[in-house]
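Quick note: the sequence shown uses the UniProt record's numbering, first residue 1, plus one each step.
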Amino acid sequence: MKSGDSTTIDVPHHEASGGAASKGKGAILTVPARQEKGGMRRGMAIIDLVLRIGAIVAALAAAATMGTSDQNLPFFTQFFQFEASYDDMPSFQFFLIAMSLVAGYLVLSVPFSIVSIVRPHASGIRLLLLILDVVALTLATSAAGAATAIVYLAHNGNSSSNWLAICNQFGDFCQTVSGAVVASFVTVVTFMFLILLSAVALRKH
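What follows is the structure in structure tokens.
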């Protein structure tokens, strides 16, 4: 009877231990999978931070280049000159303001991007950055498009509206504003990658 009793006692204990072992195996299988996802999200957050820093540089370069676009041409005397400056054209003024706002937003978004690296499973921050990135992309695209139209007219003119090409005379000015436009489109492309990255990260959640 004692051996039989010990057998009946050992069987439930074995089953319990077997159940615990199976649960333990399940825990061992799920923990690495979660860690792997966390590592992937952290990697995407690091890429996000690098892209934001690059976008900051491009946006600041676009704003600074446009803000310093100025050229004077002497006419007969040094006291009577033709001048070309960004503040002569509303589109260029809008470009400077918009790219400055975009650069300011990118600087403010860097801490949130760092938080996403520290807490890769926080989806709220990633969603907030996605929404704000879309707004900033819209602003940057509109500024780049408006400035591009003026730069095109400055290079080629428009005979229908009697718009003369001024880049033959103001070559340095046109080169400067063209560089600012190129930098703004670099910012736009970087924002596209940021939005795509955020969308993929949210889908992983």
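From the three backbone atoms N, C-alpha and C, an ideal C-beta is built for every residue, glycine too.
Where do the N-terminal and C-terminal ends of the alpha helix (DSSP H) with residue 114 fall, by residue?
-> First-last of the alpha helix (DSSP H) with residue 114: 90 to 118.
Excluding the five sequence neighbours on either side, which residues of its own chain have a C-beta within less than 8 Å of the C-beta of residue 199, listed in chain order?
-> 130
Residue 60 classed as buried or exposed, judged by whether at least 16 other C-beta atoms fall within 10 angstroms | Per the 10 Å Cβ criterion, buried.
Can you check DSSP and say which residues form a bridge with residue 207?
-> Past the edges of the chain, shown from 1 to 205, lies residue 207, and the structure says nothing about it.
Cβ-heavy atom distance between residue 124 and the ligand MG below 6 Å?
-> Here there are no bound small molecules, and the ligand MG is not part of this structure.
Just the Cα atoms here: how many angstroms apart are residue 161 and residue 46?
-> 50 Å
Identify, in the order they occur along the chain, each residue of the same chain with its Cβ nearer than 6 Å to the Cβ of residue 86, setting aside the five sequence neighbours on each side.
-> The residues are 66, 69, 92.
Once you ignore the five residues that flank residue 157 on each side, which residues in its own chain have a CB closer than 7 Å to its CB?
-> 163, 164, 165
Residue 143 to residue 105, Cα distance in whole Å?
-> For residue 143 and residue 105, the distance between alpha carbons rounds to 15 Å.
Round the Cβ separation of residue 120 and residue 52 to the nearest angstrom and send it over; I've been treating them as touching at under 8 Å.
-> Residue 120 to residue 52, Cβ: 16 Å. No contact.
Neighbourhood of residue 77 by C-beta, 7 Å cutoff - its chain only, sequence neighbours within 5 removed = At residue 77, the pLDDT of 48 sits below 50, so the modelled position is not reliable; the number obtained from the coordinates is stated separately. So no residue of the chain qualifies.
Residue 140 beta carbon less than 7 Å from that of residue 187 | yes
Check the C-beta distance from residue 97 over to residue 49 and give it rounded, since I have them as a contact under 8 Å.
-> Contact doesn't hold; Cβ gap of about 26 Å is too wide.
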